[in-house]
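> For the sequence shown, the working numbering assigns the number 25 to the initial residue and increments by one for each residue that follows. Don't be surprised by glycine CBs; every beta carbon is placed ideally from N, CA and C. Fair warning: this is a prediction, and the values are worked out from it, not measured in the lab.
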Amino acid sequence: MDLSVIVPLFNEDESLPELTAWIERVMRANNFSYEVIMVDDGSSDNSWQVIELLRKQNDCIRGIRFQRNYGKSAALNEGFKAAKGDVIITMDADMQDSPDEIPELRSMIVNDGFDMVSGWKKKRFDNKLTKNIPSKLFNAAASRSSGIYLHDFNCGLKAYKNKLIKSIEVYGEMHRYIPVLAKWAGFKKIGEKVVEHRPRKYGVTKFGWSRFINGFLDLASIMFMGKFGKRPMHIFGLWGSIVFFIGTIIWIWLFVAKIFFDKFNMTDRPLFYVGIISIVIGTQLFLAGFLGELIARNSSDRNTYLIEEKMGV
């Protein structure tokens, strides 16, 4: 199979018929073998009924329906598990991504050798104050922290090698950082393509200001997990040892000062409490690293979701 198109969606029943018809036209024009995997993230409208109807009209359409809303990362993760195409395309269901971009995105993977290609919505039709400006700040911070210089980490339109999506796990709100996950998995050739951003035709946006706060928190989390997720003792143990050593030196100095220099009222000195706190914090950090090491080595599957039904998957 040439392509798997994964479409995560939440309450997008109005746009689905037009989107799938557009994808089908592009696939037929380029003679691609394909599947469209629609992941219904617990919609409360008629999205699943629409998917069932579209499936009857086109057996290339597959469906996964969550029992409740888990978020975009969960939807993408389940779509990645089910995808069979050599190249995987992800796109949003709101008609703001153009399926006409698919052939060139696929070509960059197949012919140019990229592991992943991220879309860049250079010209946007979103609100400048609430979306465009915060998005630029977020992307600048993500680029600087990760060393992956993309203009638009959060663009839903992306292309991947099948091997890449089978090598990563997307959970929480980590869909924004799939390029970083890919890099940590050893996929270094990550490209970017300017793509068309269309005004929203149906429905309303499902994301608010909280996504930017969560985005920065997730960035800190993923950078930590990428460097120390498999070896937490290296960070907690290191700083725990340093702080514990500082506290020990302080106490040795206080002991020497009391015994050999006849210093008294040691408990009235701030240095005495600094030494105690340093030893306690150092011990706690070391124990946190030790417990983290045990958890990392014995963690169970954290990425399991309640799926109500599937079609063609």
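Report yes or no: do three or more beta-carbon pairs, one from the segment 98–105 and one from the segment 204–215, lie closer than 8 angstroms?
The segment 98–105 vs the segment 204–215: no contact.
> With DSSP as the reference, please indicate the residues paired to G143 in a beta bridge.
The residue you call residue 143 lines up with position 119 of the sequence shown. Bridge partners of G143: K217.
> Along the alpha helix (DSSP H) that carries I192, what are the first and last residues, could you check?
Residue mapping note: residue 192 aligns to position 168 of the sequence shown, counting from 1. First-last for I192: undefined, no H or E at that position.
> Does the Cβ-Cβ distance between W72 and P123 come in under 9 angstroms?
Mapped onto the sequence shown, residue 72 falls at position 48. Mapped onto the sequence shown, residue 123 falls at position 99. Going by C-beta atoms, W72 is not nearer than 9 angstroms to P123.
> Applying the 10 Å Cβ sphere with the 16-neighbour rule, what's the burial state of N135?
Against the sequence shown, residue 135 aligns to sequence position 111. Its Cβ having fewer than 16 others within 10 Å, N135 is exposed.
> When the Cα atoms are used, what is the spatial distance from T307 to M257?
Taking the sequence shown and counting its residues from 1, one reaches residue 307 at position 283. Taking the sequence shown and counting its residues from 1, one reaches residue 257 at position 233. Spanning the two alpha carbons is a distance of roughly 13 angstroms.
> May I ask you to list the residues that DSSP assigns as paired with K182?
What you label residue 182 is simply residue 158 of the sequence shown in a count that begins at 1. Answer is T114 and S142, bridged to K182.
> Could you tell me how far apart the beta carbons of G109 and D26 are, in whole angstroms, since I believe they sit closer than 8 angstroms?
Your numbering for residue 109 matches position 85 in the sequence shown. Your numbering for residue 26 matches position 2 in the sequence shown. The C-beta distance from G109 to D26 rounds to 6 angstroms, short enough to meet the 8 angstroms contact threshold.
> Within the continuous beta strand (DSSP E) that includes P32, where are the two ends?
Within the sequence shown, the letter at position 8 stands for residue 32. First-last of the beta strand (DSSP E) with P32: L27 to L33.
> Alpha carbon to alpha carbon, what distance is there between F56 and V337?
Taking the first residue of the sequence shown as position 1, residue 337 is located at position 313. Taking the first residue of the sequence shown as position 1, residue 56 is located at position 32. In a straight line, the C-alpha of V337 is about 19 angstroms away from that of F56.
> Is the beta carbon of K213 sitting closer than 9 angstroms to the one on E128?
Within the sequence shown, numbered from 1, the residue matching residue 213 stands at position 189. Within the sequence shown, numbered from 1, the residue matching residue 128 stands at position 104. Not closer than 9 angstroms, so no.
> Since G87 sits in a beta bridge, which residues does DSSP pair it with?
Here residue 87 refers to the residue found at position 63 of the sequence shown. Looking at the DSSP assignment, G87 forms a beta bridge with M62 and M335.
> Who are the Cβ neighbours of L40 in its own chain at under 6 angstroms, not counting the five residues just before and after it?
Within the sequence shown, residue 40 is the residue found at index 16, counting from 1. V74, listed in sequence order.
> Look at the alpha carbon of D69 and the alpha carbon of Y329, and state the distance between them as a whole number of angstroms.
Residue 69 sits at position 45 when you count from the first residue of the sequence shown. Residue 329 sits at position 305 when you count from the first residue of the sequence shown. Going by the C-alpha atoms only, they are around 20 angstroms apart.
> Taking the alpha-carbon positions, what's the E36 to K225 distance?
As a first step, residue 36 is located in the sequence shown; it is residue number 12 there, counting from the start. As a first step, residue 225 is located in the sequence shown; it is residue number 201 there, counting from the start. Going by the C-alpha atoms only, they are around 11 angstroms apart.
> If we ignore side chains and look at the alpha-carbon of each, how far apart do Q91 and V63 end up?
The sequence position of residue 91 within the sequence shown is 67, counting from 1. The sequence position of residue 63 within the sequence shown is 39, counting from 1. Straight-line Cα distance between these residues: approximately 11 angstroms.
> With DSSP as the reference, label D121 as helix, strand or coil.
Taking the sequence shown and counting its residues from 1, the one referred to as residue 121 is at position 97. Residue state, collapsed to three classes: strand.
> What residue does the alpha helix (DSSP H) around P41 start on, and which one ends it?
Taking the first residue of the sequence shown as 1, we reach residue 41 at position 17. It spans L40 to N54 - the alpha helix (DSSP H) in which P41 sits, taken as one unbroken run.
> What are the start and end residues of the alpha helix (DSSP H) that includes N258?
For this step, residue 258 is matched to residue 234 along the sequence shown. It should be noted that the sequence gives His, not Asn, for residue 258. M257 to F284 is the extent of the alpha helix (DSSP H) around H258.
> With a 10 Å radius around its C-beta and 16 neighbouring C-beta atoms as the bar for buried, classify R130 as buried or exposed.
As a position in the sequence shown, residue 130 is number 106, starting the count at 1. When all chains shown are included, R130 counts as buried.
> Where does the unbroken alpha helix (DSSP H) through S97 begin, and where does it stop?
Residue 97 sits at position 73 when you count from the first residue of the sequence shown. Per DSSP, the unbroken alpha helix (DSSP H) holding S97 starts and ends at K96 to A106.
> How far does the alpha helix (DSSP H) with A206 in it extend, from its first residue to its last?
On the sequence shown, residue 206 is found 182 positions in, with the first residue counted as 1. First-last of the alpha helix (DSSP H) with A206: I202 to W208.
> Suppose you measure from the CA of I61 to the CA of W144; what does that come to, to the nearest Å?
Working through the sequence shown from its first residue, we reach residue 61 at position 37. Working through the sequence shown from its first residue, we reach residue 144 at position 120. Rounded to whole angstroms, I61 to W144 spans 23 angstroms at the Cα level.
> By how many angstroms is the C-alpha of S167 removed from the C-alpha of N178?
On the sequence shown, residue 178 is found 154 positions in, with the first residue counted as 1. On the sequence shown, residue 167 is found 143 positions in, with the first residue counted as 1. Cα-Cα distance, rounded: 12 angstroms.
> How do the segment 113–121 and the segment 180–189 stand: do at least 3 beta-carbon pairs fall below 8 angstroms, yes or no?
yes
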